[in-house]
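Start counting the sequence shown at 19; every next residue gets the next number (this note's numbering). We put the CB at the ideal spot given by N, CA and C, even for glycine. Here the structure is a predicted model, which means the values were calculated and not measured. I have placed the structure first, in the form of structure tokens, so that the comments after it can refer back to it.
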Amino acid sequence: MPIPISFDDSKIGSVSTKVNTVIRDKNGEVLSGVPIFIKNNDINELEERYIYTDNKSTKIDIQEFGKYSGIFVNSDEKGKVEFNIVPKKSLSLIIQLHSIIPNSPDFIFSQNPIFIVVDNVKNYQQPLEIITAIDGNLKSEGESKFWVDMSPCNDYEIGDFVLFFVNKKYKYYTRIIDDGEHRNPCLMKLPYFIFQKNELSRLSYLVIKPSGTILAESSPVDITYRGRPNKPWKDIDRIYESCKVYSSFDVLIEQDGGINDQKISNHTNNPGDAGLFVTITGTNDNSDNTKVKLGSEIILTLYINSRNKTITYPFKNTMPYQPDNEDGKTAVLKFNIPYDLLNNNLAFPEHDGEIFFDYQVGDDNDRDVTYGGIWSGHIVTF
Numbered sequence: 019m020p021i022p023i024s025f026d027d028s029k030i031g032s033v034s035t036k037v038n039t040v041i042r043d044k045n046g047e048v049l050s051g052v053p054i055f056i057k058n059n060d061i062n063e064l065e066e067r068y069i070y071t072d073n074k075s076t077k078i079d080i081q082e083f084g085k086y087s088g089i090f091v092n093s094d095e096k097g098k099v100e101f102n103i104v105p106k107k108s109l110s111l112i113i114q115l116h117s118i119i120p121n122s123p124d125f126i127f128s129q130n131p132i133f134i135v136v137d138n139v140k141n142y143q144q145p146l147e148i149i150t151a152i153d154g155n156l157k158s159e160g161e162s163k164f165w166v167d168m169s170p171c172n173d174y175e176i177g178d179f180v181l182f183f184v185n186k187k188y189k190y191y192t193r194i195i196d197d198g199e200h201r202n203p204c205l206m207k208l209p210y211f212i213f214q215k216n217e218l219s220r221l222s223y224l225v226i227k228p229s230g231t232i233l234a235e236s237s238p239v240d241i242t243y244r245g246r247p248n249k250p251w252k253d254i255d256r257i258y259e260s261c262k263v264y265s266s267f268d269v270l271i272e273q274d275g276g277i278n279d280q281k282i283s284n285h286t287n288n289p290g291d292a293g294l295f296v297t298i299t300g301t302n303d304n305s306d307n308t309k310v311k312l313g314s315e316i317i318l319t320l321y322i323n324s325r326n327k328t329i330t331y332p333f334k335n336t337m338p339y340q341p342d343n344e345d346g347k348t349a350v351l352k353f354n355i356p357y358d359l360l361n362n363n364l365a366f367p368e369h370d371g372e373i374f375f376d377y378q379v380g381d382d383n384d385r386d387v388t389y390g391g392i393w394s395g396h397i398v399t400f
């Protein structure tokens, strides 16, 4: 959340950021009218802000809850908890919110900090170097991230935040760490998702201390992202087991199996005109890390590369909240893959077409996104 240097009392309300979430019970039902207590990691920082409800017309006062100071916000009829943070001073701060439902055992930490930044930098660092870029063009060879060099960075320390901007819009943050992979704080990996494909992007960064003090801001570097192979990312940690793929007759197709006209031919008798079915198993067993947790939001992605088509198609659905198997622990989420995506995928001159499925919990731009294994096969349909 950027604040101009000229910010004063007359501009209160002109700059704000919205915070929201949805709360549910263990069965996946939304919880309406439930009070949520929210605090910052530094109590005094909330007191430097006005906190408003969604319409920004009602101030939420700081209250005491046990040994903590913070605010109470009730969920609405759809289980949504929402409020706005509106600065009243021209101060750079990092807000890391924690929340708890009264009588619950532990606070829940927000996924991302809120950065309140006063744009008062006068001396700019040189643009960063995108190590794998060639003549201003950047292309992934299947990796999800690319290297940048922010030299010189003598004043940066472990724990400092680095905020990255594309065309002056905030996109991503990381922290300077010593993770054993590299000990040079000038070198960092950034995800490709911060760019739009084939659009000129002006990439810059801001270094900020945990206290909110701005150390440096860079001039932008121009770059154009040229995309990635039409396949699942090859460098990410895939912690869950692969999905299972079935023909239109509900017969299992093994890894590296083939998809042909016969296997998708029963589509007219299936819901959603499904030429294939894909299943993912979830669990409520916290000791089983090979399966997604019940209630997870799943994104399944289909990739097809054939002589006449290139298809990337995401499907979204929610894993059941309750077990549906006799073991009392697992449930199965089933996706219907429409026939029209699978039909008329011709072979290349020297090999069949390629087909892949992978899945994830969260979007690529979520910091806690997790991925399932890859199912791969070949396809020739007419």
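- Nearest neighbour of residue 99 by Cα position, chosen from 131, 59, 55, turns out to be 55.
- Of the candidates 395, 386, 249, 36, 395 places its Cα closest to the Cα of residue 272.
- Looking at the backbone, the Cα of residue 280 and that of residue 147 are separated by about 52 Å.
- Cα atoms of residue 39 and residue 104: separation of roughly 18 Å, rounded to the nearest angstrom.
- Taking 3 residues as the shortest admissible run, the stretch 252-296 contains the following complete beta strand (DSSP E) segments, listed from N- to C-terminal end: 256-258, 262-265.
- Within the model, the alpha-carbon separation for residue 165 versus residue 384 is close to 19 Å.
- Per DSSP, the beta-bridge partners of residue 232 are 226.
- Using a 10 angstroms sphere on the CB of residue 122, the tally of other CB atoms stays under 16, which defines it as exposed.
- In the three-state scheme derived from DSSP, where H, G and I count as helix and E and B as strand, residue 212 is classed as helix.
- Under the Cβ criterion (8 Å, minimum of three pairs), the stretch 328-339 does not count as touching the stretch 286-294.
- At a cut-off of 4 residues, not a single continuous stretch assigned as alpha helix (DSSP H) sits fully inside the stretch 118-167.
- Of the residues 317, 343, 399, 234, the one whose Cα lies closest to the Cα of residue 293 is 399.
- If you draw a 10 Å sphere on the C-beta of residue 235, you find 16 or more other C-beta atoms in it, and that means buried.
- In this structure, residue 161 and residue 252 form a Cβ contact; the two beta carbons are roughly 7 Å apart against a cut-off of 8 Å.
- Cβ neighbours of residue 249 within its own chain (closer than 7 Å, five residues either side excluded): 160, 321, 374.
- A straight-line Cα-Cα distance of about 24 Å links residue 125 and residue 301.
- Each residue's CA atom was taken as its position, placing residue 120 and residue 46 some 19 Å apart.
- With a beta-carbon spacing of about 5 Å, residue 156 and residue 243 fall inside the 8 Å limit used to define contacts.
- For residue 82, DSSP records a beta bridge to 87.
- Residue 351 and residue 329 have their C-alpha atoms some 23 Å from each other.
- With fewer than 16 other beta carbons inside 10 angstroms of its own, residue 218 counts as exposed.
- Counting only the Cα atoms, residue 144 lies some 8 Å from residue 169.
- Boundaries for residue 381: no beta strand (DSSP E) harbours it, and the DSSP string shows neither H nor E there.
- For the pair of segments examined, the stretch 222-239 was found not to touch the stretch 348-364: the number of CB pairs separated by less than 8 Å stays below three.
- The distance from the Cβ of residue 392 to that of residue 363 is about 19 Å, inconsistent with a contact at the 8 Å cut-off.
- Cβ-Cβ distances below 6 Å link residue 203 to 171, 174, 194 in the same chain, with the five nearest sequence neighbours on each side left out; the list follows chain order.
- For residue 358, the secondary structure class from DSSP, reduced to helix, strand or coil, is helix.
- Excluding residues up to 5 positions away in sequence, 363, 364, 371 lie with their Cβ nearer than 6 Å to the Cβ of residue 324 in the same chain.
- For residue 190, the three-state secondary structure derived from DSSP is strand.
- Counting along the chain, residue 368 sits inside no beta strand (DSSP E), nor does DSSP assign it H or E at all.
- Collapsing the DSSP output to three states places residue 400 in coil.
- Residue 299 holds the alpha-carbon nearest to the alpha-carbon of residue 260 among 188, 113, 229, 299.
- Taking C-alpha positions only, residue 183 is separated from residue 189 by approximately 5 Å.
- By the neighbour-count definition (other C-beta atoms within 10 Å, threshold 16), residue 127 is an exposed residue.
- The alpha-carbon separation between residue 137 and residue 176 amounts to approximately 23 Å.
- The Cβ-Cβ distance between residue 337 and residue 355 does not fall below 8 Å.
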